[in-house]
Structures are given as C-alpha cells and as structure tokens.
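Below is one structure; the comments refer to it alone.
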Amino acid sequence: MTIENRFDIPLVAAMALKEKQIQQNYRPIIAVHKWFARRPGTLFRALALAEFGNAPLADIYFKANHFPGRKVADPFMGGGIPLIEANRVGCDVQDFDINPMSAWIVREEIAHLDLDVYTSTANRFLDDLRAQIGELYRTDCPRYGDTDVPVKYFLWVKVLNCEKCGHTMDLFPGYLLAEDARHPKNVLMCAECGDLNEVSDRKDPGKCQGCRTVLRAEGPARRNRCVCPSCGHQNRYPNAEQGAPWHRLFAIEYYNPVRKDEHKGRFFKKPDEKDLRRLSTAVERCQRLQPGFIPDEAIPAGDETGRLHRWGYRHYREMFNARQLLGLASSCRLIANIPDRRLRYALATNLSDLLRYQNMLCRYDTWALKSLDIFSVHGFPVGLIQCESNLLGIINGGGANVGSGGWTNIIDKYTKAKRYCDAPFEVRR
C-alpha cells in the first residue's frame with residue numbers, strides 16, 4: 001500500500017479549498033443535479049492516485065492515469081463523487097445507496113449522453129413550452145414605453161387576515177427592494193401606494209414620488225408579530241389555522257434588451273393591470289389542468305418539514321403558485337411525450353433540479369439582486385418575501401443567461417456538466 005506514504009496532505013488541502021470555493025468550475029459534473037454536502041473531487045482523485053499510482057502525487061495529479069482492474073466500492077455513494085473520480089482513472093466501480101434519488105442522480109452523472117441530440121431536443125422542448133406559457137412571463141416597460149419584455153423575477157409578500165377584524169395585511173419585514181450595491185440607488189416601496197422609489201439615502205429616503213407619503217425602510221412585520229393597520233390588533237404569525245400562506249404580487253424585476261446599453265442598473269416596476277390579468281389567466285388555466293402531474297401527497301412530519309406545518313403547509317402543491325404549477329405541469333407533459341428514454345430521463349432530471357428555484361419558498365437577495373433557491377440553506381426557510389423566477393429563463397443577445405432559476409439556466413449547466421464527462425479536466429491554479 002502506498003497511500004500512507006504518497007498522500008500529500010498540504011497539496012490536497014490547498015487544492016480542495018480552492019475547489020470548494022467555486023466547485024462548479026472545478027467539477028462541472030456536480031451541476032447535473034443538486035446534492036447536499038458534495039465532497040471535493042480533488043480529495044478522491046488524490047486518494048485514488050496515492051493508492052494506485054507509482055509516483056509522488058504532485059507528479060501525477062495533473063496527468064492522465066489509468067488503473068484497469070482496480071476495484072472501488074462505495075456502499076453510501078450519495079452524490080457519487082468517489083465513483084466519478086475512480087471511474088475517471090479507469091477503475092471498476094460499484095456503488096450503492098438506500099436513497100433512490102442518489103441512484104438516479106449518479107446514473108445521470110455517469111451515463112453517456114449525445115450532447116448534440118440533447119441540445120436539439122431541449123431546444124424543441126423550450127420552443128413548445130414558450131408557445132404554451134411564454135405570454136405569462138412578459139410585461140411592459142413603464143420607464144421607456146417598450147412592450148412585451150421578459151420578466152426576470154416576480155416578488156411576492158405574504159398576507160395575513162387580522163384575527164380581530166378580518167382585514168388583509170401585508171407582512172413586510174421591510175420595504176427595501178434593492179440595495180445600492182449592484183444598482184445605482186436603493187429601491188424602496190411606498191407603504192401607502194406601493195410605488196417603487198429610487199433613493200440615495202436609506203436613512204433619510206424622503207417622500208414617495210407618487211403619493212408624497214414619507215418613505216421608510218422598516219416594515220410592520222417583525223418577531224412573528226404584525227399590528228393590523230385597520231383596527232390596531234397585534235397579530236401573531238405564522239397562523240397554521242388559516243392554512244397555507246397567501247401571497248400578493250407587489251413588484252417585478254424585468255429585462256429590457258432594447259434599453260440595456262443606455263440604462264444604468266436593473267429594471268423594476270410595480271405590477272400593472274396587464275400583469276395582474278396575466279396572473280389571473282394563469283390561475284384559470286391551472287384550475288383547468290387535468291390531474292396527473294401535480295402531486296397531491298401530504299407533507300410528512302420531519303425535522304425540517306415541521307417548519308412547513310407551522311406555516312400551514314399541508315400538501316406539496318401548496319408550496320407553488322398557480323403560474324408555477326401550470327408551467328411545471330406543462331413541462332412534465334412535454335417531457336413525458338419524448339420517445340427516447342435517455343433524453344426523457346435527462347430532461348426529467350433537469351425538471352427535478354429546476355424545482356428548487358420554482359417554488360414559493362425562494363427568497364430574493366436585495367444585495368445580489370437574484371433569486372435564492374429553496375436549498376440555499378439546508379432546510380425549508382419560510383420567509384415573508386418570496387421570489388418567483390421566470391420559469392423559461394432569459395437569453396441575452398450574446399447567448400448568456402440573464403437571471404437565475406429558469407429552464408435555460410438548468411439546461412446550460414447540465415450541458416456543461418455532461419461535456420465535462422466527455423472531456424474531464426483539472427484546474428491548475
């Protein structure tokens with residue numbers, strides 16, 4: 001055995017640290033599907049080379065290696081990193097896991113995929129999906145007057161009925177929509193009329209440009225309490241007796257490709273009547289959906305799901321709004337009709353990964369100005385402000401994705417992951 005002598009701890013530790021800082025660039029294969037706590041591939045490549053190699057680790061790590069006949073087993077494979085690294089150096093691998101999701105993900109990581117065929121199939125799928133639901137992800141630009149531009153994010157606030165008078169109140173923890181880090185100014189919503197105002201000083205924001213109400217950054221909801229603006233009663237939340245939380249659409253971030261060169265910063269707007277009509281259309285179409293793809297299963301009790309139960313969520317479908325359910329069900333139907341099983345499985349894997357961005361537990365990062373997926377923390381974080389990403393995704397004129405959480409984002413990451421399978425590499429820096 002050579003591992004005791006040839007495993008170079010300082011070398012491996014330094015490389016593993018760099019990899020974990022931006023793992024998707026070092027090991028694109030992890031983008032096949034989300035898996036918690038993925039270990040650095042650097043570590044397992046080094047273990048295999050130290051055990052089976054015949055030279056110092058530093059001399060062979062960045063070279064091609066092949067160890068046919070060597071057998072590696074992992075009875076608790078999880079996301080499959082040991083299997084992937086052992087497979088890369090020609091070992092015979094056998095891996096197992098009690099979790100069926102683990103088996104599905106690792107199979108998708110290892111199985112060969114014709115990328116040209118996948119790309120053409122994914123493009124046809126996206127074209128069909130856009131034809132069905134694309135109109136629901138468009139809006140008009142009030143700043144420049146352009147019509148039919150793509151929405152990046154819909155922003156929602158939880159609402160609560162007053163226990164005393166029944167008045168419906170917004171549970172805003174604060175009215176700050178965007179900080180002045182990646183946008184020229186701070187964006188504050190007016191608590192009175194809902195207009196969006198751009199201000200230089202959050203501590204002294206001045207008055208709303210629309211109704212002249214004094215702007216403020218602090219919201220009424222804090223420490224699980226909110227005072228009713230109608231009767232003054234102090235309400236507590238969450239209130240599971242009222243069922244799953246209701247939400248109100250209060251802001252939209254959109255993308256205007258025509259004005260992006262002349263406009264500084266992002267594009268924000270208050271929803272207009274057309275936006276609300278599109279939402280009503282989504283609700284009506286969702287109600288007409290045939291059963292089959294939207295699950296009716298109850299959310300089981302558990303360490304993390306207990307938080308969902310405290311908020312009144314009882315069934316998985318309650319974690320999505322109507323537009324998301326419509327888009328996801330439409331996606332399922334199109335994928336189910338793909339005749340080739342390998343391609344169908346690939347897009348089904350993409351759909352599963354997409355779910356972490358397409359639900360009403362995603363939050364909006366006011367500094368980075370992007371959606372935070374449901375698993376950005378290890379649990380089910382239930383915030384008061386939720387972010388609904390454009391399910392289709394947006395591609396700019398240069399072919400790059402705009403925003404996060406859409407089909408184009410997932411397909412792009414998956415393509416890079418499978419391209420890495422065909423031509424793996426190491427980052428030498």
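Residue 212 in this note's numbering sits at position 212 of the sequence shown; the count goes up by one each step and never skips. All C-beta atoms, glycine included, are put in the ideal place defined by N, C-alpha and C.
For this session: Inspect the beta-carbon positions of Val427 and Tyr26 and report whether they are closer than 9 Å.
Result: yes
For this session: List the endpoints of the continuous alpha helix (DSSP H) containing Ala346.
Result: 341 to 354
Exercise. By Cβ distance below 6 Å, which residues in the same chain neighbour Arg45 in space, the five residues on each side in sequence not counted?
Worked result: Glu85
For this session: Can you have a look at His315 and say buried or exposed, based on whether 16 or more other CB atoms are within 10 angstroms of its CB?
Result: exposed
Exercise. So, do the segment 136 to 155 and the segment 248 to 261 have three or more beta carbon pairs nearer to each other than 8 Å?
Worked result: yes
Problem set entry | Length of the line joining the Cα atoms of Leu113 and Lys418 | 7 Å
For this session: Kindly indicate which three-state DSSP category Gln234 falls into: helix, strand or coil?
Result: strand
Problem set entry | Straight-line Cα distance separating Glu51 from Ala178 | 52 Å
Exercise. With DSSP run on the structure shown, which of helix, strand or coil describes Trp104?
Worked result: helix
For this session: Determine, using beta-carbon pairs with one atom in the segment 206 to 219 and one in the segment 167 to 182, whether at least three such pairs fall under 8 Å.
Result: yes
Problem set entry | Identified DSSP bridge partners for Gln386 | Trp156
Exercise. What does Arg225 pair with, by DSSP beta-bridge criteria?
Worked result: Arg222, Arg236
Problem set entry | Within 9 Å, strictly: CB atoms of Ala58 and Asp8 | yes
Exercise. If you count every other CB in all the chains shown that lies within 10 Å of the CB of Phe380, and 16 or more means buried, which is it?
Worked result: buried
Exercise. What are the boundary residues of the beta strand (DSSP E) that Gln94 is part of?
Worked result: 92 to 95
Exercise. With a Cβ-Cβ cutoff of 9 Å, do Tyr420 and Pro82 count as a contact?
Worked result: no
Exercise. In whole angstroms, what separates the C-alpha of Glu135 from that of Gly80?
Worked result: 40 Å
Exercise. So, helix, strand or coil for Pro56, using DSSP?
Worked result: coil
Exercise. With 16 other CB atoms within 10 Å as the buried threshold, where does Gly403 fall?
Worked result: buried
Exercise. Relative to the alpha-carbon of Glu241, which residue among His167, His309, Ile3, Glu388 has its alpha-carbon at the smallest distance?
Worked result: His309
For this session: Give a yes or no on contact between the segment 155 to 164 and the segment 331 to 350, applying the rule of three or more CB pairs nearer than 8 Å.
Result: no
Problem set entry | Contact the segment 194 to 204 vs the segment 227 to 237: 3+ CB pairs below 8 Å | no
Problem set entry | Backbone CA spacing between Lys185 and Leu215 [nearest angstrom] | 15 Å
Exercise. Ser230 and Met169: beta carbons closer than 9 Å?
Worked result: yes
For this session: Return the chain-ordered list of same chain residues with a C-beta closer than 8 Å to the C-beta of Gln24, the five sequence neighbours on each side being excluded.
Result: Ile30, Ala31, Lys413
Exercise. Taking buried to mean at least 16 other C-beta atoms within 10 Å of its own C-beta, is Arg225 buried or exposed?
Worked result: exposed
Problem set entry | Cβ-heavy atom distance, Pro75 to the ligand COA, below 8 Å | In the structure on display, the ligand COA does not appear, and there are no ligands present to speak of.
For this session: Specify the secondary structure class of Met189 as computed by DSSP and reduced to three states.
Result: strand
For this session: Determine the burial state of Tyr144: buried for a count of at least 16 other Cβ atoms within 10 Å of its Cβ, exposed for fewer.
Result: exposed
For this session: Please work out which residues of its chain come closer than 6 Å, Cβ to Cβ, to Trp156, disregarding the five sequence neighbours upstream and downstream, and give them in chain order.
Result: His247, Leu249, Gln386
Exercise. Are Cys286 and Leu326 touching if we call contact CB-CB under 9 Å?
Worked result: yes
Exercise. Taking three-plus beta-carbon pairs below 8 Å as touching, is the segment 279 to 299 in contact with the segment 257 to 265?
Worked result: no
Exercise. When you compare only the Cα positions, how much space is there between Arg107 and Arg356?
Worked result: 20 Å
For this session: Quick one: residues in its chain with C-beta nearer than 8 Å to the C-beta of Asp146, no 5 flanking neighbours on either side, listed in chain order?
Result: Asp140, Asn256, Val258, Arg259
Exercise. When you compare only the Cα positions, how much space is there between Asp97 and Asp353?
Worked result: 20 Å
Problem set entry | Residues that Glu198 bridges to, as DSSP identifies them | Val187
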